[in-house]
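Before any comments, here is the structure.
Number of protein chains: 2
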Amino acid sequence: MNKSLKIVSRITLIIFFTFSLIVNAQSDEDVLKTVYKTSLTNGKSYEWLDYLSNTIGGRLSGSTNAELAVQYTKVELEKLGLDKVWLQPVMVPKWVRGEKEMAYIEANGTINKVNICALGGSVATPNGGVKAQVIEVDTYKDLEALGEEKIKGKIVFINRALQPELINTFQAYGGCSSERYAGAAEAAKYGAVGTIVRSLSSRQDDYPHTGSMSYGDLPVEQRIPSAAISTNDAVKLSEALKKNKNLEFYFEMSCQQFDDVESYNVIGELTGSEFPNEYIVVGGHLDSWDLGDGAHDDGAGVVQSMDVLRLLKESGVTPKRSIRVVLFMNEENGLRGGRKYAEVAKAKNEKHVFALESDAGGFTPRGFSFDCSDVMFSKIEAWRPLFKPYLIHYFEKGGSGADIGPLKSDDIVLAGLRPDSQRYFDHHHAANDTFEHVNKRELELGAATMTALVFLMDKYGTETITNTKEIKD
Amino acid sequence: MNKSLKIVSRITLIIFFTFSLIVNAQSDEDVLKTVYKTSLTNGKSYEWLDYLSNTIGGRLSGSTNAELAVQYTKVELEKLGLDKVWLQPVMVPKWVRGEKEMAYIEANGTINKVNICALGGSVATPNGGVKAQVIEVDTYKDLEALGEEKIKGKIVFINRALQPELINTFQAYGGCSSERYAGAAEAAKYGAVGTIVRSLSSRQDDYPHTGSMSYGDLPVEQRIPSAAISTNDAVKLSEALKKNKNLEFYFEMSCQQFDDVESYNVIGELTGSEFPNEYIVVGGHLDSWDLGDGAHDDGAGVVQSMDVLRLLKESGVTPKRSIRVVLFMNEENGLRGGRKYAEVAKAKNEKHVFALESDAGGFTPRGFSFDCSDVMFSKIEAWRPLFKPYLIHYFEKGGSGADIGPLKSDDIVLAGLRPDSQRYFDHHHAANDTFEHVNKRELELGAATMTALVFLMDKYGTETITNTKEIKD
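Take a look at the structure:
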């Protein structure tokens with residue numbers, strides 16, 4: 001097909017779907033109204049989150065709590081009367097924090113305790129801890145210029161703060177996350193004995209924020225312990241260094257990496273009435289870090305995703321395609337669940353047409369970020385007016401979610417729920433990521449917003465994809 | 474001028490201003506960028522709110538704390554190097570809660586304590602409290618049908634809940650607020666001995682929420698005490714009544730109304746460089762209820778409004794018109810400050826062209842509600858793209874703010890900041906309206922958003938109004 005014919009076909013297609021949207025507009029509006037009302041008056045997400053957070057708690061991969069969460073969510077999905085519920089086995093890393101970490105600044109004979117926590121994947125300190133002078137840098141990229149002479153035998157303190165002027169706090173986080181992830185491996189190359197990384201928090205407070213780090217291909221014997229320090233204590237340490245660059249920092253951690261263990265993705269399915277072999281996935285990750293109870297990251301995404309299938313049923317929607325809720329295991333420190341799901345889907349030649357992840361907190365939903373073709377995106381953007389009564393306004397192209405990333409192909413639309421991001425990094429990976437910081441209405445609005453998009457994608461979305469493919473042929 | 478000529482003129486006008494907007498777009502974008510960055514990196518609103526909330530605390534009209542807040546904000550405004558700062562005297566009501574209230578349900582010989590608080594303006598219970606049987610209604614409008622026979626000697630329990638399916642929680646609040654305001658006066662007509670009103674909260678918890686009520690023209694001797702009960706206890710009481718309609722409710726309150734006292738609106742001004750006799754007002758209310766520290770209602774609006782003038786200065790903006798920050802006294806139980814400001818402005822024949830109020834909490838700003846002409850609103854809507862990078866999307870016609878309401882005329886644009894409303898009524902008028910529930914970034918985004926609108930209205934807005942008036946002539 002030549003180019004101009006292609007364009008004409010696309011325009012015809014757009015007109016056709018715009019027309020069909022107008023014809024169906026009333027009923028779509030009604031469905032959305034029912035979905036939102038059901039979520040806000042008869043949602044289950046908050047009750048499930050209460051259990052996951054307060055009865056189970058933090059759900060680090062390989063922990064007993066993670067397994068309790070697998071069993072709990074499986075049973076709860078079974079109660080919903082879905083067509084299928086099953087566990088998908090996946091081997092996951094098992095890293096254990098051990099005793100609560102301890103750290104202090106020693107300067108001029110005075111000891112000043114500070115709040116730290118081991119980064120996920122860090123080795124322990126030697127028995128009795130590490131005590132050394134400190135060299136402060138803004139980023140691990142500064143280490144090369146400093147060289148071994150200035151670093152050897154010292155603790156590297158990476159004090160890079162999130163940029164407060166960035167409106168999207170995820171962008172601010174992205175500007176610092178490689179410090180946490182790669183800082184220790186880089187510092188070790190120059191003979192550092194440990195790294196202390198400023199917590200990736202958007203707030204000044206006393207909570208250290210953990211998160212994954214990696215030694216890359218660094219030999220085991222060269223690995224050095226790496227911890228996060230609270231933002232208040234990062235300021236304290238930096239100020240103390242300005243007064244006395246010879247001060248010493250002490251920290252002790254007993255974390256440990258074990259062999260991989262078997263765990264599971266939890267999957268439930270409403271089988272499609274017309275195209276059962278086309279799959280739509282909605283999910284979040286069941287594992288969390290261990291310091292808080294993982295209510296925002298990502299208990300919220302888990303319970304919202306579970307409620308999507310329930311809200312579709314309660315709202316009288318019979319999906320044409322098969323809708324799966326997937327509760328991924330091990331997003332935080334391995335992404336093994338996301339990879340396993342995509343691997344199995346590929347092996348079974350399952351046609352996935354849409355995947356939506358909620359992994360940005362249980363705050364008021366603002367919209368979605370889409371990883372898809374421009375044609376598909378224009379189609380989706382036409383649904384904006386349907387979302388306006390619910391104050392959902394953000395429809396942008398961009399990333400989607402870590403767990404669904406491995407499903408990426410030319411034929412799939414990937415999307416991420418985008419809640420208000422201002423408070424997210426106040427809690428992310430820290431002891432204050434707890435249930436009481438999740439607002440019931442905000443959580444339920446998120447579940448409804450996800451359900452609305454899944455409903456529309458099931459009803460319209462893949463038809464466009466199918467037709468677009470025909471145009472290509 | 475005939476109608477079609479008017480329309481042509483208006484279209485020309487719109488084209489002209491759209492063109493002038495495009496010409497100026499770059500610099501406006503830059504100003505907004507500076508304003509937001511300054512607020513997020515070097516804002517003062519959070520520090521001021523900390524003092525107002527934690528050092529001063531709840532600021533009920535006529536209280537010592539309210540006077541401390543007047544003095545504190547006056548001094549802080551003076552530090553900003555404005556052109557004028559002054560106090561505008563206003564007589565305000567003085568109602569005092571007295572001892573903490575006490576209440577219980579007595580059924581089948583068992584006493585069950587519940588959480589109540591006196592509504593603002595209520596009379597006390599007689600010494601020793603009130604104990605009586607309870608009649609539950611959904612709304613005070615049900616009382617007429619029940620009549621004196623079923624009500625006399627009883628406590629009327631108005632158990633109307635906020636509708637959870639309403640996305641805008643202010644709308645849900647509006648659906649119940651007259652129960653709180655007018656319920657006691659109505660119940661007294663039928664011989665009730667007290668009223669207990671379900672708290673106007675969007676959450677199930679143990680906090681009673683106060684707020685203003687009025688006896689209207691009911692003679693003093695017929696006034697009955699009126700309290701709010703927490704949402705959890707409202708459910709408890711309703712369920713207890715289903716089991717035993719003869720149960721008794723006891724409550725004791727020692728609140729008291731004193732004579733009016735003198736207080737003040739606090740006003741600061743940046744005098745306009747081109748049109749000093751045209752005024753723009755930005756404000757919030759300095760008084761609050763007494764149970765919490767009034768951080769959201771309306772400490773947030775106060776400190777944001779103060780920061781608008783500071784952010785304009787810090788961002789290098791020289792306003793053409795006179796910009797006033799007005800910290801209104803007595804919004805909660807009298808609106809005396811708002812009325813006084815408008816009265817003085819009218820007496821002095823001051824031309825007010827724009828007023829903006831922030832009185833909906835310190836949450837993430839979503840946009841504004843405008844009370845103005847359609848022509849002016851289309852003009853303002855054209856600024857939407859400037860706000861998009863800051864995720865400000867809500868521009869709708871509607872109400873503005875209680876304090877600026879008395880300024881209403883054909884020539885003024887009134888606007889209210891519209892923050893995310895989901896959590897607001899969790900805290901509104903209750904003991905949990907406290908500083909720790911305000912997020913620094915959210916507060917600062919609100920201050921920046923207000924500053925951006927004031928900047929644009931000062932630069933463009935009133936010109937349109939002037940031209941519109943010329944068209945009328």
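In order, the protein sequences belong to chains V and C.
So that you can map any letter, position 257 of the first sequence is 257 in the numbering used here, and since no number is skipped, the others follow by simple counting.
So that you can map any letter, position 72 of the second sequence is 545 in the numbering used here, and since no number is skipped, the others follow by simple counting.
C-beta atoms are modelled at their ideal positions from N, C-alpha and C, and glycine is treated no differently.
Same chain, Cβ closer than 6 Å to residue i, five either side skipped, listed in chain order
{"i": "Gly789/C", "result": "none"}
{"i": "Ala448/V", "result": "Val35, Tyr36, Ser39"}
{"i": "Tyr680/C", "result": "Ser703, Ala903, Ala904, Asn905"}
{"i": "Glu823/C", "result": "Tyr752"}
{"i": "Leu456/V", "result": "Trp383"}
In DSSP terms, what residue i is bridged to
{"i": "Pro419/V", "result": "Pro365/V"}
{"i": "Leu829/C", "result": "Val755/C, Ala888/C"}
{"i": "Gly593/C", "result": "Ser685/C"}
{"i": "Ile608/C", "result": "Val629/C"}
{"i": "Glu343/V", "result": "None; Glu343/V has no bridge partner."}
{"i": "Trp568/C", "result": "Gln730/C"}
{"i": "Lys397/V", "result": "Phe370/V"}
{"i": "Gln561/C", "result": "Asn738/C"}
{"i": "Glu854/C", "result": "In DSSP, Glu854/C forms no bridge with anything."}
Secondary structure of residue i, DSSP reduced to three states
{"i": "Glu331/V", "result": "coil"}
{"i": "Asp259/V", "result": "strand"}
{"i": "Val911/C", "result": "coil"}
{"i": "Lys459/V", "result": "helix"}
{"i": "Glu917/C", "result": "helix"}
{"i": "Ile865/C", "result": "coil"}
{"i": "Glu269/V", "result": "strand"}
{"i": "Asp771/C", "result": "helix"}
{"i": "Asn277/V", "result": "strand"}
{"i": "Glu574/C", "result": "coil"}
{"i": "Ile229/V", "result": "strand"}
{"i": "Asn717/C", "result": "coil"}
{"i": "Ala618/C", "result": "helix"}
{"i": "Thr598/C", "result": "coil"}
{"i": "Asn108/V", "result": "coil"}
{"i": "Ser795/C", "result": "strand"}
{"i": "Val197/V", "result": "strand"}
{"i": "Glu252/V", "result": "strand"}
{"i": "Val790/C", "result": "coil"}
{"i": "Val543/C", "result": "helix"}
Sub-9 Å separation of residue i and residue j beta-carbons
{"i": "Arg794/C", "j": "Glu747/C", "result": "yes"}
{"i": "Gly121/V", "j": "Ser212/V", "result": "yes"}
{"i": "Glu357/V", "j": "Gly283/V", "result": "yes"}
{"i": "Ile740/C", "j": "Val927/C", "result": "no"}
{"i": "Ile155/V", "j": "Ile196/V", "result": "yes"}
{"i": "Glu278/V", "j": "His352/V", "result": "yes"}
{"i": "Gly535/C", "j": "Val504/C", "result": "no"}
{"i": "Phe157/V", "j": "Leu87/V", "result": "no"}
{"i": "Gly772/C", "j": "Lys852/C", "result": "no"}
{"i": "Ala833/C", "j": "Arg914/C", "result": "no"}
{"i": "Ala452/V", "j": "Tyr390/V", "result": "yes"}
{"i": "Val90/V", "j": "Asn333/V", "result": "no"}
{"i": "Phe827/C", "j": "Val886/C", "result": "yes"}
{"i": "Leu143/V", "j": "Lys189/V", "result": "yes"}
{"i": "Thr370/V", "j": "Lys397/V", "result": "Sequence inspection shows Phe at residue 370/V; the Thr mentioned does not correspond to that position. Going by C-beta atoms, Phe370/V is nearer than 9 Å to Lys397/V."}
{"i": "Glu269/V", "j": "Val85/V", "result": "yes"}
8 Å Cβ shell around residue i - same chain, five flanking residues per side excluded
{"i": "Ile495/C", "result": "Note that Ile495/C has pLDDT 45, beneath the 50 cutoff, so the model's placement of it is unreliable and the number below is only indicative. Within the same chain, Ile495/C has no close Cβ partners at all."}
Sequence-distant residues of the same chain with beta carbon closer than 7 Å to residue i, five excluded per side
{"i": "Tyr646/C", "result": "Leu635, Leu673, Phe898"}
Using 8 Å as the cut-off, can you tell me whether the stretch 248–255 of chain V makes contact with the stretch 127–147 of chain V, which would need three or more C-beta pairs spanning the two stretches below that distance? yes
Using 8 Å as the threshold, is the stretch 257–264 of chain V in touch with the stretch 155–170 of chain V, meaning 3 or more CB pairs across them? Look at the beta carbons and you see the stretch 257–264 of chain V not touching the stretch 155–170 of chain V: under three pairs across the two are nearer than 8 Å.
With three or more beta-carbon pairs closer than 8 Å as the criterion, would you say the stretch 693–700 of chain C touches the stretch 525–544 of chain C? no
At least 3 beta-carbon pairs within less than 8 Å: the stretch 575–592 of chain C vs the stretch 697–711 of chain C: yes
Say whether the stretch 334–350 of chain V touches the stretch 398–414 of chain V, bearing in mind that this needs 3 or more beta-carbon pairs closer than 8 Å, one atom from each stretch. These segments touch.
Assess, as a yes-or-no matter, whether the stretch 769–785 of chain C is touched by the stretch 514–531 of chain C under the definition of 3 or more beta carbon pairs within less than 8 Å. yes
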